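Chemist: Pasting a structure here, questions to come.
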Amino acid sequence: MGKIIIQRLVISILVMLAASFLSYFFLYMAPGDPAVSIIKSQTGREPTQAEIEIFRENRNLNIPLLDNITIWFGMLSKGDLGISVRTGEPVLHEFKDRFGATFLLAVISLVLAVLIAFPLGVLAATRPGSVVDHVTRVIGLGILSIPEFWLGLMLMVLFSLTLKWLPSFGYGTIYHFILPTVTLSTGMSALLMRLMRASMLEVLNLDYIKMARSKGLNRPLIIWKHAFRNALIPVITIIGTQFGHLLAGTIIIETVFSWPGIGKYLVDSIYARDYPVIQGFVFIIAAMFVVINLLVDLSYAYLDPRIRFEQGRN
Amino acid sequence: MESVLKIKDLSVNFNSKDGIVKAANNLNLTIYSGEILGLIGETGSGKTVLGQAIIKILPQTARVTGEIWYGNRNILALGEEEMNKIRGKEIALIFQNPSSSLNPSLKIGEQIAETVQKHQGLNKKEAWEKAEAILSQVGMPPRFAHYYPHQYSGGMRQRAMVAICLACQPLFYIADEPTRGLDVTVQNQIAGLLNSIIKNGKGQRSMLLITHDISVAAALTDSMAIMYAGEIVEYGPTREVFKNPLHPYSKGLLNSHPAKGLKPIKGFSPSLINLPEGCKFFSRCSRAEKDCQKEVPMFGRKGGKHIVRCFYA
Amino acid sequence: MSKKIFPKNRLLIFGLFLLTLLIMVSLLASYVAPFDPNYVEVENRLNRPGGKNILGTDGYGRDIFSRIVFGARFSLSLAVLVVLINLCIGVFIGTASGFFGGAVDELTMRLVDILLAFPNIIFALLVIGILGPSIPNLVFALVALGWTNYARITRGLVLSLKEQDFIISIKAIGGGDFYIITRHVIPSIIPFLVVLATLNMGHMIMSIAALSFLGLGVQIPTPEWGSMLSEGKQFIFTHPHVIISPGLAIIIAVFAFNLLGDGLRDVLDPRTKEIIKT
Amino acid sequence: MTFKFFHKGAALVLLCLMLFVMISGCGSNASDPKKVGEKAYPSDQKEQVLRLGAARDFKSAAQGRNMVFEYLVSVDHEGNPVPMLAELWEIPGDSKTYVFKIREGVTFHNGTEFDASLAKFALEYNANNSVWGKYLDKIETVDGNTVKVYLKDYYPLFLQDLAKNLVVSPDAVDPKGDPSGKLAEYIGTGPFKLVSYHKDRDAELVRNDNYWGKKSEINRVIWKTIPDPHAQIVALKAGDVDMIGITEHHSSVPYVEVPAMEDAGINVDKTSYGRYQVLEFNTLREPFNDRKVRMAFNYAIDKEKMVRELFHGLTEPAYTITAPWFKYGPSKVNSKYFHYDLNKAKSLLTEAGWSMNSSGKLEKEGKPLEVELLIPAGEANADAVAIFVQSELKKIGVELKLLTLESGAAWDRSKQGEYEMFVHHSFCLPWVPGGIDIGGKYHSGSTSWPAAYHSPELDRLIEEAWLTPDESKRKELINKVWDILHYEAPCIPLYDIVKVSAYRESITGFKPAPTMFDMDFSEIKIN
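These protein sequences, in sequence, are chains A, B, C and D.
Following this note's numbering, the numbering of the first sequence begins with 178 at its first residue and continues without gaps.
Following this note's numbering, the numbering of the second sequence begins with 524 at its first residue and continues without gaps.
Following this note's numbering, the numbering of the third sequence begins with 751 at its first residue and continues without gaps.
Following this note's numbering, the numbering of the fourth sequence begins with 803 at its first residue and continues without gaps.
What follows is the structure, given as structure tokens:
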């Protein structure tokens, strides 16, 4: 296991470096001058050539590509992600200031989705072919067909505009969380429910479940202690690999609900060609992805003793 | 002798995509206390289904008719809750293939202890102590209770399986191919273990041993039932059946044993979906006559308890 | 067989029906649509549904129903294009990788691992955000990462096929690699690919709509469902009908593909269930 | 069994670590936005709290900065320099030396008194980031409240440039007192002090009771960041904010929402800052190298209808290149030059050699009249305008193709002259309107607009105006510039992008600020 983790870490670091290098390269090659777009966004007009020159000089935009990359890696080794061209603030600050909101939104939605999806998936799997199974299947497929951003807009129209029950935007009180998290967790729970059902069905047909029945254990114990735990393993793997999907969903939902998270900031930075921010964000997102996958691996090992021990022996 | 389990006219059908699978047809069988009854047959003859029907863990798609009398209770008429008081406590099923029948994510000790906890009302700690005791009873160090199934060898897993079944000291055991897939030396150890469980039961314990392995059956069982295509074709005390197999299938089966020179029965056993009318062995039988094809032969008594389902035996 | 499938797979049949309807509508768009989807009549803007505009008009007085009908043609063909490109690249790389193994396999699978680690919408956002919104850029953004899943699954299938007796025996009697791949390997994995591609279609329609919604999709005034939502978003509180019907169109199309894929998975091959989970 | 320990332990430790890092990372700002929201309700009658719904983060909006900071010199609505922290100024002799008299009794928010030395610091600080810095020779303090600035060359925009230079305290920059440092703290002289700030969420300001000018009735201003304009409107209707739109230089309030807002009892105020949206022609290429075609396109678009139907009549159609009322605006040209006239458009095109073919499209020598309109992504209202113009041009047989490019890529195209038509908006205050700036669009030296209309005569007039310090002479020259430009029709002015501010009925005394980058709270009251 230790070896595997080290192996994974090495690959992950390579992935992260490759990702940020690629994003940087893309930006560098792309048309458009960050100085122009940033001054334009701040002043709402075209800058003069003189203004552009001053801005470029002050924000270190005149450094050639290769020099810039070596500088960046040098800073990276010191844990410095550079300074945003647009705001002049350290990228790490910009990220930290916004990540909390995104993290809360994603985690609450995921927890909500898990709380809905797992019991429903188990219920459907334990009654295959029943009305419950059919209804959850059709509803699940239906929900998976709804674009998240559209659902968000519709919920906004219904609950904010028509019923006036909930705030439509912003961040702060618990009420602000309801619409975005419900929007995000709806699709997620449909997906997780389907996965849970399939995985559970598979496990329920295995011999050790029959064995558990033959021991006279009652149904809830068999389902939750014997089947659920084992059915969880593939589902958790998929949650891990779906993390990117979750993050992407969060970004779109953030723009719909004006959520002060990293998603909207990233989109704005892409438009403004704020190299250090994009580079740093891509690096951090890739790093998070890696950590999440590592956590998934660890939880996997925790749930499935076979992996824990067999790999431990290597 | 007192009978422990009486199976009367038991039929098991499954609905499948391709039609109705008749896994067992009008089975009648009695198991007496203190005895080991061998149920012998080829793979796919319905042996395992019979074992699982007794403890009622067949899939929901199975349709079971007939009666299974356990003492004065008809198991097939019992509700799930009552059944759970019998399973593991009074009747235990030793599964074939322990590597897939043990829960990979639970320690062996837990898998033993949970049965004890359920049936004997012990707390967790007491149940674990008991689990360790039972493990040593089946010849394994108690600390193995803290190991997971994948850390065991094949023979150890089978022992663990026996230990789980032994946990509540039930009186009736169903052992489903307990020696399958094991080395010969380990097979002997497991067979010895099973034998000792019954023989140490002071005549109270009995076992239904489901196997296709003739030598295990010869060594362990008191009486034998030979099954073919969902039906029992011959039944009798082990020694008599071995000495004088009556049914053509039994003869073939016993002759196909390596010790007797490996003479396989020609042809294949019929699919359980499209069973022929009349004698199921007809197509492979060297002695078959026209009427065998029309009518299922009834059991004929051939001295003592030895009975056979064949017109010409 | 078919008699037994039919009642069990009403959902599949329903999905097939919806899809046929969609394809018919998009093929016959110019006959189905009552108006030119790009005909601007600002005096008639934001009409509520009913009257001569069944689903009302949008912010420029264009007929929403006609735009949805033409949008079907556009959204479907774009999704089909992306899925097909992904499928071809993925199957090619996956087959080569699984069949020949070795360093090539090792290398491509590492690459696939790396690319799979990238959230695809974020990648598309980056690419289109930088290169600008256009159909080639959109296709590029969705293909750059989209083929990986096909490659991974194809490789897995090919690996298990390679070990099967019939392939080994064809190899033993001297069947060439090309022959084996085109005549035996590819045909045996087609059912899996069909299911995967069908389910992927729904996903692509949604991705394209999402990118268009963020203003990173097709050029105006192309009638595309996602950009209809993007354009209509400003009327959400005053004239919600402008965004309700295009959203429903997306749902119907994606639902049709999801039903079809889900049903096909049950019907085609029991193993597809284990291999394609989502 | 060490492995077992390793796994459970490691998993747990890692998980805790992750959670800790994540939560501590967001802890700094997740803690108290609620507090701000609660305070926002004016429970105390005496305290006047104004809650603004803003599209941008407080610190990244000029309007936010201008609540805290002031300038030495400001500009009025038309672009004339007016005194602010410099009470008056003199330009003795050569027009290269400026003497500023610093206002007395002004203190920074941290209590330090503003004087000539601090004014010198502020000028030095700004010289690093401004174009006038390149012309700077030296800065001297003459006495406690007089500063003298020597420029190396004549630079006509110096005073206008100062109107965007924040007067910051030496304590506000990091490192402290370093003119080349960067702004770290909001210590200014303005009417409000910043007390709390959460990035992308909110900021809270209290009135500066030591303010030198007219003090506002408002005790406290809450700046809430709500990027989505529709969300802003909902918040305004729901009473979560009191005012929207005022914090943006562009109109962020969608015109389409205005009637519904007015129905809901919300006051809507529109202010023109002379910013016009225009369609620029590439005058170097067919067909727009022909003045008649450019004029025909101008005549072909019914701007009245566009403004009425698309913008609910909130804005005014534009018939000059920029607002005539600017200091250097085209006030003397015939503003009715390009009114909608389909027949005139058609006959001009015929004169230019374009004739209608059988399928109702214009063509010349077999080539159809097809042009492409380039739209930089994100240009406000550009999609609506483009679709409208497309349908208008179709009526005279012109096929307009639309191409949206990411804005950086679009501007690159403009720099290379790779476009046929281009939608953008004009300069505005406090910058001098287009034409006079040497880098501006209609001088041939323009790097951004090599394909805009240029001529040697125009270049000469622009350069002369630039170098003429005498105001009346300069205005005369500029009027000639505008005459040429309006004759040549180098673009299609579309409409005036008015800034829409909307506020709850309880608010009185709203007054538009002189520039779109400022806010005027001096008369506002909450009832």
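We treat Cβ as the ideally placed atom computed from N, Cα and C, and that holds for glycine.
Keep in mind that this is a model prediction, so the values were computed, not measured.
Could you work out which residue in C/952, C/1005 and C/982 is closest to residue 831 of chain C when comparing CA atoms only?
Modeler: Closest by alpha carbon: C/952.
Chemist: Say whether chain G places a C-beta atom closer than 8 Å to the C-beta of residue 795 of chain C.
Modeler: Protein chains in the displayed structure are A, B, C and D, and chain G is not among them.
Chemist: Please state whether DSSP places residue 797 of chain B in a helix, a strand or coil.
Modeler: Looking at residue 797 of chain B - three-state DSSP - the assignment turns out to be coil, as it is neither helix nor strand.
Chemist: Can you tell which of D/941, D/948, D/901 and D/892 has the C-alpha that lies nearest to the C-alpha of residue 916 of chain D?
Modeler: Per the Cα distances, D/948.
Chemist: Over what stretch of residues does the beta strand (DSSP E) that includes residue 891 of chain D continue unbroken?
Modeler: Counting along the chain, the beta strand (DSSP E) containing residue 891 of chain D begins and ends at 888-892.
Chemist: Does the Cβ of residue 600 of chain B have 16 or more other Cβ atoms within 10 Å, making it buried, or fewer, making it exposed?
Modeler: Exposed, since its Cβ has fewer than 16 Cβ neighbours within 10 Å.
Chemist: Counting only C-beta atoms, is residue 1281 of chain D closer than 8 Å to chain A at any point?
Modeler: No, its Cβ sits nowhere closer than 8 Å to a Cβ of chain A.
Chemist: If you draw a straight line from the C-alpha of residue 683 of chain B to the C-alpha of residue 526 of chain B, how long is it?
Modeler: One C-alpha to the other measures close to 29 Å.
Chemist: Between residue 618 of chain B and chain A, is there a C-beta pair that is closer than 8 Å?
Modeler: Yes, its Cβ sits closer than 8 Å to a Cβ of chain A.
Chemist: Provide the residue span of the beta strand (DSSP E) that contains residue 877 of chain B, from first to last.
Modeler: Since the displayed chain B opens at 524 and closes at 836, residue 877 of chain B lies outside it and no answer follows.
Chemist: Can you grab the Cα-Cα spacing for the pair residue 470 of chain A / residue 865 of chain C, in whole Å?
Modeler: Distance between the alpha carbons of residue 470 of chain A and residue 865 of chain C: 14 Å.
Chemist: Can you check whether the CB of residue 904 of chain C is closer than 8 Å to the CB of residue 878 of chain C?
Modeler: For residue 878 of chain C and residue 904 of chain C, no; Cβs fall outside 8 Å.
Chemist: Rank B/835, B/535, B/587 and B/557 by C-alpha distance to the C-alpha of residue 547 of chain B and give the top, closest one.
Modeler: Comparing Cα-Cα distances from residue 547 of chain B to each of B/835, B/535, B/587 and B/557, the minimum goes to B/535.
Chemist: Would residue 532 of chain B be called buried (16 or more neighbouring beta carbons within 10 Å of its own) or exposed?
Modeler: Exposed, by the Cβ-count rule.
Chemist: When DSSP labels each residue in this structure, what does residue 917 of chain D get in the three-state scheme?
Modeler: Coil, per DSSP.
Chemist: Leaving out the 5 sequence neighbours to the left and right, which residues in its chain are closer than 8 Å to residue 1028 of chain C when beta-carbon positions are compared?
Modeler: With a pLDDT of 48 at residue 1028 of chain C, under the threshold of 50, the modelled position of that residue is not reliable, and the figure given next carries that caveat. Closer than 8 Å at Cβ, skipping near neighbours: 949.
Chemist: With H, G and I counted as helix, E and B as strand and the rest as coil, what does DSSP make of residue 851 of chain D?
Modeler: Strand, per DSSP.
Chemist: Would you call residue 843 of chain D buried or exposed, if buried means 16 or more other Cβ atoms sit within 10 Å of its Cβ?
Modeler: The predicted model places residue 843 of chain D with a pLDDT of 45, which falls under 50 and marks its position as unreliable; any figure quoted below should be read in that light. Per the 10 Å Cβ criterion, exposed.
Chemist: Closer than 7 Å by beta-carbon distance: list the chain A residues that pair up with residue 1249 of chain D, in chain order.
Modeler: Within chain A, the residues near residue 1249 of chain D are 226.
Chemist: Need the endpoints of the beta strand (DSSP E) that residue 1143 of chain D sits in, please.
Modeler: Where residue 1143 of chain D is concerned, there is no enclosing beta strand (DSSP E), given that its DSSP letter is neither H nor E.
Chemist: List, in chain order, every chain A residue whose beta-carbon is nearer than 9 Å to that of residue 610 of chain B.
Modeler: Result: 390, 391, 392, 393 and 394.
Chemist: Around the Cβ of residue 411 of chain A, are there at least 16 other Cβ atoms within 10 angstroms (buried) or fewer (exposed)?
Modeler: Answer is buried; the Cβ neighbour count reaches 16.
Chemist: Would you say residue 1024 of chain D lies against chain A (beta-carbon separation less than 8 Å)?
Modeler: So no, residue 1024 of chain D is outside the interface.
Chemist: Span of the beta strand (DSSP E) holding residue 950 of chain D?
Modeler: Note, residue 950 of chain D: beta strand (DSSP E), 948-953.
Chemist: Relative to the C-alpha of residue 1194 of chain D, which candidate in D/1156, D/1169 and D/1148 has its C-alpha closest?
Modeler: Minimum Cα distance to residue 1194 of chain D is reached at D/1148.
Chemist: May I ask whether a heavy atom of the ligand GDP can be found less than 7 Å away from the beta carbon of residue 926 of chain D?
Modeler: Summarising the ligand content, the structure contains no ligands, and the ligand GDP is consequently not present.
Chemist: From the DSSP output, in three-state form, read off residue 1008 of chain D for me.
Modeler: Reduced to three states, the DSSP call for residue 1008 of chain D is strand.
Chemist: Hey, how far is the Cα of residue 189 of chain A from the Cα of residue 808 of chain C?
Modeler: Near 48 Å, if we compare the C-alpha coordinates of residue 808 of chain C and residue 189 of chain A.
Chemist: Can you give the beta carbon distance from residue 989 of chain D to residue 970 of chain D, rounded, assuming they're within the 8 Å contact cut?
Modeler: Contact flag correct, Cβ pair sits at about 7 Å.
Chemist: Which residue or residues does DSSP assign as beta-bridge partners of residue 1310 of chain D?
Modeler: According to DSSP, residue 1310 of chain D bridges with D/1327.
Chemist: What are the residues in the stretch 1200-1232 of chain D lying within 7 Å of chain C by C-beta distance?
Modeler: Listed by position along the chain: 1204, 1205, 1206, 1207, 1208 and 1211.
Chemist: Which residues of chain D have a Cβ atom closer than 7 Å to the Cβ of residue 965 of chain C, listed in chain order?
Modeler: Correct list: 1179.
Chemist: Residue 991 of chain D and residue 852 of chain D: beta carbons closer than 8 Å?
Modeler: No, the pair does not count as a contact, with Cβ atoms beyond the cut-off.
Chemist: In the stretch 449-460 of chain A, which residues sit with their C-beta less than 7 Å from some C-beta in chain D, listed in chain order?
Modeler: Cβ contacts with chain D come from 450.
Chemist: Against chain C, with Cβ distances strictly below 8 Å, would residue 1062 of chain D count as a contact?
Modeler: Residue 1062 of chain D counts as touching chain C.
Chemist: Nearest-angstrom Cα distance between residue 231 of chain A and residue 841 of chain C?
Modeler: The alpha-carbon atoms of residue 231 of chain A and residue 841 of chain C are separated by roughly 52 Å.
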